[in-house]
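All residue numbers for the sequence shown refer to our numbering, where the first residue is 219 and numbers rise by one. Using N, Cα and C, we set each Cβ at its ideal position, and we do this for glycine too.
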Amino acid sequence: MKNKNLDNGKKLNKKELRTITGGLLQCVDLTTGLCRIVGASCAERQCRYVPDPLLP
């Protein structure tokens, strides 16, 4: 996917930007490379925490 800058484009608000990324958060700190937040709402796989299902 190419990055195309449009002259007539509009700036999106926070809710619209979240919709484009699928509602996932960027959880990795770019300076350290470690997870700032751990949870199911993270876009990065290494930062997602999915609890194991309870076995009967």
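Query, Result
"Using alpha carbons as the reference points, say which of 233, 267 and 273 lies closest to residue 245.", "267"
"Pull the bridge partners of residue 256 from the DSSP assignment, please.", "None; residue 256 has no bridge partner."
"Could you check what DSSP says for residue 179 in three-state terms: helix, strand or coil?", "Past the boundaries of the shown model lies residue 179; the chain is included only from 219 to 274, so the question cannot be answered."
"Quick one, which of 270, 257, 242 and 264 has its alpha-carbon nearest residue 233's?", "242"
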